[in-house]
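Each remark here refers to the structure printed beneath this line.
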Amino acid sequence: MEYSSPNLTVNLSTAGGKIACARCAAKSKRTGNQCGKPALNGKAVCQFHGGRSTGPKTEAGKARQRASVITSGNYTKESIEHRSRSALRLAWLEDAMYVLKMTDAPRTRGPKPKGYKPLVTLEDVKGFILDNPLNLPEGSVEHQN
Ligand SMILES: [Zn+2]
1166 MEYSSPNLTV NLSTAGGKIA CARCAAKSKR TGNQCGKPAL NGKAVCQFHG GRSTGPKTEA
1226 GKARQRASVI TSGNYTKESI EHRSRSALRL AWLEDAMYVL KMTDAPRTRG PKPKGYKPLV
1286 TLEDVKGFIL DNPLNLPEGS VEHQN
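1288 is the number that the working numbering gives to position 123 of the sequence shown; each next residue is one higher, with no gaps.
What follows is the structure in C-alpha cells.
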C-alpha cells in the first residue's frame, strides 16, 4: 500500500454525483490500481486498508513502529552528529598538520564543519590534542601521562 503517490484520485463521487467523498488512497500491490472504496471520515484509507487502525498501543509496539521507519540509519540524529564531529576532528587534524609544518599541500576546499574554528598557533594544536586523545585499539601501546 502506498499513500503518497502523486497520481492518486483524491475525491470520489458516488450515487450519480450526489455524494462526494475522499477516495481510499491505498494502491494494490498486485495490479497497481487505486482502491475504489471511499475513505473513512477523517482518514486517507478505507476500513480494509487500515482506516480503522489507531496505531500501536503498547510501548513495545510503538518502539517497533519507530524502528521500522528507520531504513539505513544514516540520517538518525546520532549518526548525523557523529559524522559532523568526525568532519570537525578531521579539519582540526589538517590544521594541526599545517601548524606543525608536516605538509604544504593545498587546503581542503568547501564549507567547514559546524563549530569549526581554525587552529593557528601551537597552543591551539596542543589544546586540540589534549581534548582529543587517540583512539588506540585494544592491546596497543598505552598513552603515557
Ligand atoms: Zn481501500
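No residue lacks a Cβ here, since even glycine has one placed at the ideal position from N, Cα and C.
(Q) I need the boundaries of the beta strand (DSSP E) containing L1255, first residue and last residue. (A) Premise fails: L1255 lies in the alpha helix (DSSP H), K1242 to V1264, not in any beta strand (DSSP E).
Q. What three-state label does DSSP hand R1272 in the structure shown?
A. coil
Q: Look at the alpha carbon of L1253 and the alpha carbon of R1231, and state the distance between them as a whole number of angstroms.
A: 30 Å
Q | Contact between the stretch 1244-1263 and the stretch 1278-1290 (3+ Cβ pairs under 8 Å) | A | In short, these stretches touch, since the Cβ pair count reaches three.
(Q) Based on DSSP bridge pairs, tell me the residues matched to P1203. (A) R1188
Q.
Counting C-beta neighbours from all protein chains within 10 Å, is the total for L1287 16 or more, i.e. buried, or is it exposed?
A. exposed
**Q.** S1233 - DSSP class collapsed to helix/strand/coil
**A.** Here S1233 carries a helix assignment [DSSP, helix/strand/coil].
Q. In three-state terms, what does DSSP make of N1198?
A. coil
Q) Taking DSSP as the reference, what is the three-state secondary structure of L1177? A) strand
Q: Drop a sphere of 10 angstroms on the beta-carbon of L1299, count the other beta-carbons inside from all chains shown, and report buried for 16 or more, exposed for fewer.
A: exposed
(Q) Is K1227 a contact residue of ligand 1, with contact defined as CB to any heavy atom under 7 Å? (A) no
Q) If you run the structure through DSSP and keep just helix, strand and coil, what is V1210? A) coil
Q) Smallest Cα separation from K1208: which of C1186, T1268 and L1258? A) C1186
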